[in-house]
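In this note's numbering, the protein residues as written are 8 to 311.
Glycine included, each C-beta is placed from N, C-alpha and C at the ideal position.
Bear in mind that the values here come from a model prediction, so they are computed numbers and not experimental data.
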């Protein structure tokens, strides 16, 4: 009886601990950063749109891509005031659920649309630098329009599930507009988000990378454009996807029972120990309660 009671106590103690993922930082970080992006981005995109529509006499393929890129960026920027208000009010959505779905959809659709159109611009410049004669028959304004339609279709199709995952929920006196999905759908959203990140970021990034340094000193304007596109990928989109992957990983671990985390990390440790010539500290892989400095610094464990 004592053994059974002790076992029950241990089980109860083990399951009474759960990972608390604190997100209070975003109530300051996101409103401030989104405000800066909105003010600067809106001014730049309105200027770009004016130049393209009223100052450009003949639309080249690059002009077509630039116009679509500007449309993407402008639609993305127009979602920010609603998100600024939402996060500044600490996750209290004052609008309807359909509008929550629309804002989340536009946010991600135009983000990935920008990535794909930047990829189109880089490839167009690459062809012009490396294959100047052949590219004359390969690229045209008409084909650029067809490619743009295909890009928009791809973006809308890949981002359509966001309309399903995004939803609102009343929590006390507040209404939450989930930035990913409701907790019960998060595992499915994680799979979907991973596939989208590979198809619409990792793959375009790998396509853009080989264009670096193409053509040597030929057509300096085109080479500069390729460098600018690559810099945007490296400075904007790559950090975004890396930090978002970390954020989703922490969200995933938050929903796991600590015993499951410890079990998975036990087998990781055993596997790595079996690899010859690989030196590591097992504590770096352990996420059991209070077992490593990283764990204690990144996670707050609270009973209940």
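In the three-state reduction of the DSSP assignment, residue 176 falls in the strand class. The region 171-178 makes no contact with the region 206-216; the number of CB pairs closer than 8 Å stays below 3. By the CB criterion at 8 Å, residue 156 and residue 124 fall outside the cutoff. Apart from sequence neighbours up to five positions away, the residues of its chain that approach residue 49 with a beta-carbon distance below 6 Å are 84, ordered along the chain. Looking at the backbone, the Cα of residue 247 and that of residue 106 are separated by about 24 Å. Three or more Cβ pairs closer than 8 Å define a contact, and the region 95-103 falls short of that threshold against the region 60-73. Between residue 90 and residue 41, the CB-CB gap stays under 8 Å. Each of 93, 59 and 88 was checked against the Cα of residue 33, and the nearest Cα belongs to 93. Here residue 114 has 86 as same chain residues with Cβ atoms under 6 Å from its own Cβ, once five neighbours each way along the sequence are excluded. For the region 145-208, the full-length beta strand (DSSP E) segments reaching 3 residues or more read 175-178 and 181-184 along the chain. Here residue 75 carries a helix assignment [DSSP, helix/strand/coil]. In the structure shown, residue 140 adopts coil according to DSSP, grouped into three states. Taking a cut-off of 8 Å on C-beta distances, the region 249-262 touches the region 197-209, as three or more cross pairs fall below it. In the structure shown, residue 63 adopts coil according to DSSP, grouped into three states.
Where residue 40 is concerned, the enclosing alpha helix (DSSP H) starts and stops at 33-57. The alpha-carbon separation between residue 130 and residue 51 amounts to approximately 24 Å. With fewer than 16 other Cβ atoms from the protein chains shown falling within 10 Å of its own Cβ, residue 57 counts as exposed. Boundaries of the alpha helix (DSSP H) harbouring residue 211: 210-215, taken from the DSSP string. Excluding its 5 nearest sequence neighbours in each direction, residue 46 has no C-beta neighbour in its own chain below 7 Å. Taking the CA atoms as reference points, residue 75 sits about 11 Å from residue 128.
A straight line joining the alpha-carbon of residue 72 with that of residue 154 spans about 9 Å.
Residue 102 has its alpha-carbon roughly 38 Å from the corresponding atom of residue 235. Spanning the alpha carbons of residue 145 and residue 121 requires a straight line of approximately 23 Å.
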